[in-house]
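J.: Please read through the structure below; I'll follow up with questions.
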Amino acid sequence: MSIYEKLIDFTMNGMSEQGNYLFEVNPGGAPCNVLSMLQRLGKKTAFIGKTGEDFFGKILQNAVKEQGIDISNLVIDKEIPTTLAFVHTASDGDHSFSFYRNPGADMMLQKEDFDISILKNTHIFHFGTLSMTDTKIENVTKMSLGIAKEYGALISFDPNFRPLLWKNLDVAREKIAYGMSQCHILKISDDEIEFFTGISDIDKGIEKIQKQFNIPLICATMGKMGSNAYYNGEKVECTPFLCENTVETTGAGDTFMACILNTILENGLNNMNKQKLYEMLQFANAAASIITTKKGALKVMPQKNDVLNLIQRKSDKNIY
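With the sequence shown counted from 1, adding 39 to any position gets you the working numbering.
This is how it looks when you write it as C-alpha cells:
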C-alpha cells in the first residue's frame with residue numbers, strides 16, 4: 040500500500056492551430072502510479088490519500104478505482120482543490136514540473152480521515168518525500184509508517200525529489216534522510232544521489248548512504264545508463280532498454296519501483312541472489328522503457344506479457 044500523493048498531471052500534447060501548447064489531463068501521483076503497476080502484476084493494493092471535491096478530484100477517484108486499487112481510504116476535501124502539476128517535456132523525453140499546490144487537497148490528510156487498521160495488514164508500505172513537505176501531512180505519514188512497521192511491513196522509500204515544492208533544500212535533505220533511516224528498500228535516482236550526498240559517482244554516493252543507514256536493498260536508477268542494485272555488499276548492474284519512440288519519461292521511475300517491489304513480494308527481501316537481482320532489474324528496466332513510449336502513467340502501465348516480450352526481443356537482438 041502507499042500513502043499520500045495524488046494529483047493531475049497535465050502533459051504536453053502538441054500545439055493548437057493557434058500555436059498554443061496543448062496539455063492532456065493524466066491522473067497521476069508517484070505512489071499511486073506504483074500501485075497501478077503492481078495491480079498489473081497481480082498484486083492487491085490500497086491507497087491512503089485526499090483529493091479535492093472538484094472536477095479533477097472526481098477524475099482521480101475514478102481513475103484509481105478503475106485500476107483495481109482499493110480506494111476505501113481515499114477521502115474528499117470539500118474546501119481545498121486537487122493538486123495540479125504541469126509536465127514540461129524536452130525533445131529527448133525528459134521532463135520538468137510546475138506545481139499548483141499551495142495548498143493542495145493531498146496536503147490536508149488527517150489521521151481521523153482513514154481507517155488505520157489497514158496499516159496493520161500490509162506487506163509493504165511505500166512513501167516519498169512529498170508527504171513530508173508540510174508538518175500536518177508529515178505527522179500523518181510518520182504515524183502511518185510507524186504502525187505499518189510495528190506490524191511487520193517492509194518500508195519502501197522513493198525520495199521523488201521535486202525542488203520546486205521545497206522552500207528550503209536543507210529541509211528536503213533532512214526528510215530524505217528520515218526516509219532512508221526508516222526504509223528496507225530504497226529507490227533513488229542519480230540526480231537524487233548527488234543532491235543528497237554531494238557525490239556524482241554513483242557507487243561512492245551509495246557507499247556513503249549505506250555507511251549511514253545500512254539499507255538492505257538500494258536500487259539506483261540512471262536513466263539512459265540503466266540501473267544498479269546494491270544488496271548484502273554486492274552490486275548488480277543492468278543495461279537499459281532504449282526505445283526510439285520515447286515520448287516522455289513521466290512515471291518511468293514509479294514503474295521501475297513497482298517492479299522492484301513485486302520481485303520482493305514474490306521472493307522475500309532475505310532470499311535474493313545475484314541472478315534474482317539481475318532479473319529484477321531487467322524486468323524493471325524493460326517496464327520503465329515501455330512507459331516512456333506513452334503519455335501519463337497511472338492508466339497506461341504495461342502488462343506483464345508486454346514486459347516479457349520486450350526482454351525476449353532484446354535477447355533475440357531484434358531491438359536497437
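Beta carbons: idealized from backbone N, C-alpha and C, even for Gly.
Where DSSP assigns a beta bridge to A124, which residues make up the other side?
T.: Paired residue(s): D48, F138.
J.: Let me make sure I understand the geometry here. Which of E318, T174, L308, D240 has the alpha-carbon closest to that of N271?
T.: Of E318, T174, L308, D240, the residue nearest in Cα terms is L308.
J.: Where do the N-terminal and C-terminal ends of the alpha helix (DSSP H) with P70 fall, by residue?
T.: First-last of the alpha helix (DSSP H) with P70: 69-79.
J.: Return helix, strand or coil for M261, following the three-state DSSP convention.
T.: Looking at M261 - three-state DSSP - the assignment turns out to be coil, as it is neither helix nor strand.
J.: Spatial neighbours of T294 within its chain, please: CB distance less than 6 Å, with the 5 preceding and 5 following residues excluded, ordered by chain position.
T.: Result list for T294: M76, A326, A327, I330, in chain order.
J.: Classify M296 as buried or exposed, calling it buried when 16 or more other Cβ atoms lie within 10 Å of its own Cβ.
T.: Buried, since its Cβ has 16 or more Cβ neighbours within 10 Å.
J.: In three-state terms, what does DSSP make of P341?
T.: In the structure shown, P341 sits in coil (DSSP, three-state: anything other than H, G, I, E or B).
J.: Given a cut-off of 8 Å on the beta-carbon distance, is the pair D93 and G67 in contact?
T.: No, they are not a contact pair.
J.: Residues in its own chain within less than 7 Å of P198 by CB, not counting five upstream and five downstream?
T.: Taken in chain order, the residues that qualify are G167, T168, I215, G218, I227, E231.
J.: Use the C-beta contact count for N141: other C-beta atoms within 10 angstroms, 16 or more gives buried, fewer gives exposed.
T.: That one is exposed.
J.: Closest to F125 by C-alpha separation, out of K117, I87, S137, E118, would be which residue?
T.: Minimum Cα distance to F125 is reached at S137.
J.: Buried or exposed for T174, going by 16 or more other Cβ atoms inside 10 Å?
T.: Looking at its Cβ environment, which holds fewer than 16 other Cβ atoms inside 10 Å, T174 is exposed.
J.: Are I303 and I248 closer than 8 Å when you measure CB to CB?
T.: Result no, Cβ atoms of I303 and I248 do not sit closer than 8 Å.
J.: Check each candidate in K97, K263, L193, I241 and name the one with the smallest Cα separation from M279.
T.: A small correction: the amino acid at residue 279 is Pro; Met does not occupy that position in the sequence shown. P279 has its Cα closest to that of K263, out of K97, K263, L193, I241.
J.: Do the stretch 107-121 and the stretch 143-162 touch if we need at least three Cβ pairs shorter than 8 Å?
T.: With the cut-off at 8 Å, the stretch 107-121 and the stretch 143-162 touch.
J.: Under 8 Å by Cβ, that's how I've got G91 and D116 pegged, so tell me the actual separation to the nearest angstrom.
T.: Rounded, the Cβ-Cβ distance is 6 Å, consistent with contact.
J.: How many angstroms separate the CA atom of N59 from the CA atom of S266?
T.: Whole-angstrom Cα-Cα distance: 37 Å.
J.: Let me check one thing: in DSSP terms, what residues is P66 bridge-paired to?
T.: Answer by DSSP bridge pairing, in chain order: I47.
J.: So for G107, helix, strand or coil by DSSP?
T.: The answer is coil: DSSP assigns G107 none of H, G, I, E or B.
J.: Pick out the complete beta strand (DSSP E) segments inside the stretch 180-225, 3 residues or longer, and give them in chain order.
T.: Here the runs fully enclosed are 193-197.
J.: Under the assumption that S183 contacts E177 (Cβ atoms under 8 Å), give the Cβ distance between them as a whole number of angstroms.
T.: Their Cβ separation, rounded to whole angstroms, is 11 Å, which puts S183 and E177 out of contact at 8 Å.
J.: Ignore the nearest five residues each way along the sequence and tell me which others in C298's own chain have a CB closer than 6 Å to its CB.
T.: Closer than 6 Å at the Cβ level, and outside the excluded window around C298, lie F322, A323, A326.
J.: Residues in the same chain with beta-carbon distance under 7 Å from F62, minus the five sequence neighbours each way, listed in chain order, please.
T.: Answer for F62: F49, T50, M51, N52, F125, listed in chain order.
J.: Does the beta-carbon of G96 have 16 or more other beta-carbons within 10 angstroms, so that it is buried, or is it exposed?
T.: Buried.
J.: Nearest-angstrom Cα distance between N312 and T121?
T.: About 43 Å.
J.: What residue ranges within the stretch 229-285 form continuous beta strand (DSSP E) runs of no fewer than 3 residues, ordered along the chain?
T.: Listed in chain order, the complete beta strand (DSSP E) runs (minimum 3 residues) inside the stretch 229-285 are 256-260, 266-270, 273-277.
J.: Applying the criterion that 16 or more other CB atoms from any shown protein chain within 10 Å of the CB defines a buried residue, is Y359 buried or exposed?
T.: Caution applies to Y359, whose pLDDT of 41 falls short of 50 and renders its modelled position unreliable; the value that the coordinates give is listed next. So Y359 ends up on the exposed side.
J.: Could you check where the beta strand (DSSP E) with G88 kicks off and where it finishes?
T.: Here the beta strand (DSSP E) through G88 covers 85-91.
J.: If you follow the beta strand (DSSP E) that G307 is part of, which residue opens it and which one closes it?
T.: Taken as a continuous stretch (DSSP letters only), G307 belongs to no beta strand (DSSP E), as it is neither H nor E.
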